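Each remark here refers to the structure printed beneath this line.
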Amino acid sequence: MYSFSQRANTIVCFGGIVLVGVLLLNCLSRAFFSDHINVDIKLNEIHKYNKQRNFEYSVFSVDLDTDLTPLFNWNTKMLFLYITAEYQTKNNVLSQVVIWDYILTDKTKANIHEKRLSKYPLIDQGLGLK
640 MYSFSQRANT IVCFGGIVLV GVLLLNCLSR AFFSDHINVD IKLNEIHKYN
690 KQRNFEYSVF SVDLDTDLTP LFNWNTKMLF LYITAEYQTK NNVLSQVVIW
740 DYILTDKTKA NIHEKRLSKY PLIDQGLGLK
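With the working numbering as the guide, the letters of the sequence shown map in order to residues 640 to 769.
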């Protein structure tokens, strides 16, 4: 008869093989999902621009038109969306600022047609924004 340690070893090894098999199937299932979507972002309006002694800031809004439903599958519970503004100044080669973000948890709300999105102002630590 087999000892307790031999039986435990067999069960643990079998569980490891099953786990590796499930992980392999998970990785292979990713090949069948599309990860390309069309996103249309347009600058709507510049609401405010202000220049202080050593920084500038601007508040503006954008229009967002996209359908994110293909990104939801059995392995996706939520999407973290964000819009960044990229610009160059004399002092910085590349500046990136998040101007809007949203956590999408419902597939029924994944078709987004929003106008005048504005959440965070654009602040530059120099005088090169304009």
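Glycine included, each C-beta is placed from N, C-alpha and C at the ideal position.
Every value quoted in this text rests on a predicted model; they were computed, and no experiment measured them.
Contact test: residue i Cβ vs the ligand GDP heavy atom, cutoff 8 Å
i, result
"D674", "This structure simply doesn't include the ligand GDP, nor any ligand for that matter."
Spatial neighbours of residue i in its chain, beta-carbon cut-off 6 Å, leaving aside the 5 residues before and after
i, result
"E753", "L703"
"G765", "T728 and N730"
Same chain only: Cβ atoms within 7 Å of residue i, ignoring 5 sequence neighbours per side
i, result
"K746", "T708 and F711"
"L658", "none"
Under the three-state DSSP convention, the category residue i falls into
i, result
"F672", "coil"
"N648", "helix"
"T747", "helix"
"F699", "strand"
"T708", "helix"
"L768", "coil"
"N693", "coil"
"N683", "strand"
"L761", "strand"
Member of the options whose CA lies at the smallest distance from the CA of residue i
i, options, result
"S734", "L720, L761, I742 and L756", "L761"
"L718", "K729, Q691 and N750", "N750"
"N714", "D679, L667 and A724", "L667"
Rounded C-alpha distance that separates residue i from residue j
i, j, result
"N677", "T705", "6 Å"
"I685", "Y726", "16 Å"
"V736", "K690", "18 Å"
"D763", "F694", "6 Å"
"Y641", "A647", "10 Å"
"I722", "K769", "20 Å"
"W739", "N665", "32 Å"
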